[in-house]
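Peer 1: Dropping the structure in here first, questions after.
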Amino acid sequence: MTHRTLIVGDVHGCREELEDLLHESGWEEGDQLVLVGDLVAKGPDSLGVVRLARELGARAVRGNHDQHCLKWWDAKCAGGELPNLKPAHQRVADELEEEDWRWLAALPLWLELPEHDALVVHAGLLPGVPLEDQDPDDLMNMRSILGDGTSSRNYEEGTPWASLWPGPRLAVFGHDAVRGLQNRPHSVGLDTGCVYGGWLTGLWMPRRDLVSVPARGTYAQPGKD
42 MTHRTLIVGD VHGCREELED LLHESGWEEG DQLVLVGDLV AKGPDSLGVV RLARELGARA
102 VRGNHDQHCL KWWDAKCAGG ELPNLKPAHQ RVADELEEED WRWLAALPLW LELPEHDALV
162 VHAGLLPGVP LEDQDPDDLM NMRSILGDGT SSRNYEEGTP WASLWPGPRL AVFGHDAVRG
222 LQNRPHSVGL DTGCVYGGWL TGLWMPRRDL VSVPARGTYA QPGKD
């Protein structure tokens, strides 16, 4: 039997929707579950998402909102002054326990899925740059490529990086709810704005089948806490 992997877009603390997606998709024990980052913040149950991911043995990459929260955890572990967090991130800091933090802190910036000839990152990749030389900030934050070949976090300027990704490996990512689902020959963007009242979307590999479930509520507004 071909090994099945379900790659899921930005969950942002929407545990119930993640459970809905697993049910709707037919995910079952033995299937691999991969999350594209931003597991936490903005939604109603960040702790529940982390606990469910741990329980199911999910793999995940680190998103920019995960990283914001981890800066607080790193400062706490170092005994330093704790940074001021936005309310959405402070709620995560107040909820997670040590084992949850350790799991979150172990998330890599990218995952390679050689069985599917695929890569998973949270935000973006610069074409032509080896994985090990990619800027961590780009991996967690970029959305576009400017005319001079540099990256940008802005979706209003430049060209969507995924439209320039040449393959051959499929790049799967999230982070770009404004552009929504991006399904191209060599790249698939899965952030369909669940936390903003949109949809939570998953991608079945190796067949590249898409599955989505609607959000149960609107928990945040784009660009706000």
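So the working numbering is basically just the index in the sequence shown, starting at one, shifted up by 41. All C-beta atoms, glycine included, are put in the ideal place defined by N, C-alpha and C. Computed from a prediction, not measured in an experiment: that's the story for all the values here.
Pick out whichever of Gly199, Leu93, Leu80 and Lys127 has its Cα sitting closest to the Cα of His163.
Peer 2: Leu80
Peer 1: DSSP three-state label for Ala159, please.
Peer 2: strand
Peer 1: When the distance is taken between beta carbons, is Gly243 closer than 8 Å to Leu62?
Peer 2: yes
Peer 1: Do you know whose CA, among Ala99, Val213 and Gly258, lies nearest Asp158's CA?
Peer 2: Val213
Peer 1: So, at 8 Å on beta carbons, what are the nonlocal neighbours of Val91 in its own chain, with the 5 sequence-adjacent residues on each side left out?
Peer 2: Leu80, Val81, Leu137, Asp141, Trp144 and Leu145
Peer 1: Just to confirm the assignment, what range does the beta strand (DSSP E) spanning Met246 have?
Peer 2: Unbroken beta strand (DSSP E) run through Met246: Trp240 to Met246.
Peer 1: Determine which residues share a DSSP beta bridge with Ala212 and list them.
Peer 2: Beta-bridge pairing links Ala212 to Leu160 and Ser228.
Peer 1: By DSSP, does Pro201 sit in helix, in strand, or in coil?
Peer 2: Per DSSP, reduced to three states, the secondary structure at Pro201 is strand.
Peer 1: Can you list, in chain order, the residues of its chain with a C-beta nearer than 7 Å to that of Arg95? Leave out the 5 residues immediately preceding and following it.
Peer 2: The beta carbon of Arg95 sits closer than 7 Å to the beta carbons of Trp144 from its chain, once the five residues preceding and following it are set aside; these are given in chain order.
Peer 1: Could you work out which residue in Ala134, Leu126, Asp179 and Gly208 is closest to Trp151 when comparing CA atoms only?
Peer 2: Asp179
Peer 1: To test your reading of the DSSP string, which unbroken alpha helix (DSSP H) runs of 4 or more residues are found completely within the region 140 to 197?
Peer 2: 177 to 182
Peer 1: Kindly indicate which residue of Met181, Tyr196 and Thr200 has the alpha-carbon position closest to the one of Asp189.
Peer 2: The candidate whose alpha carbon is nearest that of Asp189 is Thr200.
Peer 1: Let me make sure I understand the geometry here. Which of Glu65, Ala129 and Leu160 has the alpha-carbon closest to that of Trp206?
Peer 2: Leu160
Peer 1: When the distance is taken between beta carbons, is Cys110 closer than 8 Å to Val75?
Peer 2: no
Peer 1: Residues in its own chain within less than 8 Å of Leu59 by CB, not counting five upstream and five downstream?
Peer 2: If you ignore the 5 residues before and after Leu59, its C-beta comes within less than 8 Å of the C-beta of Val49, Val52, Val90, Leu93 and Leu241, all in its own chain and listed in chain order.
Peer 1: Please state whether DSSP places Ala134 in a helix, a strand or coil.
Peer 2: helix
Peer 1: Please state the DSSP three-state secondary structure of Gln223.
Peer 2: strand
Peer 1: Given this structure, state the Cα-to-Cα distance separating Ala218 from Asp232, to the nearest angstrom.
Peer 2: 5 Å
Peer 1: By DSSP's criteria, Arg100 is part of a beta bridge. Which residues make up the other side?
Peer 2: Val75
Peer 1: Is it buried or exposed, Cys118, if we count other Cβ atoms within 10 angstroms and call 16 or more buried?
Peer 2: exposed
Peer 1: Using beta-carbon positions only, say whether Gly84 and Gly54 come within less than 8 Å of one another.
Peer 2: yes
Peer 1: From His106, Thr46 and Val252, pick the residue whose C-alpha is nearest to that of Leu222; which is it?
Peer 2: Val252
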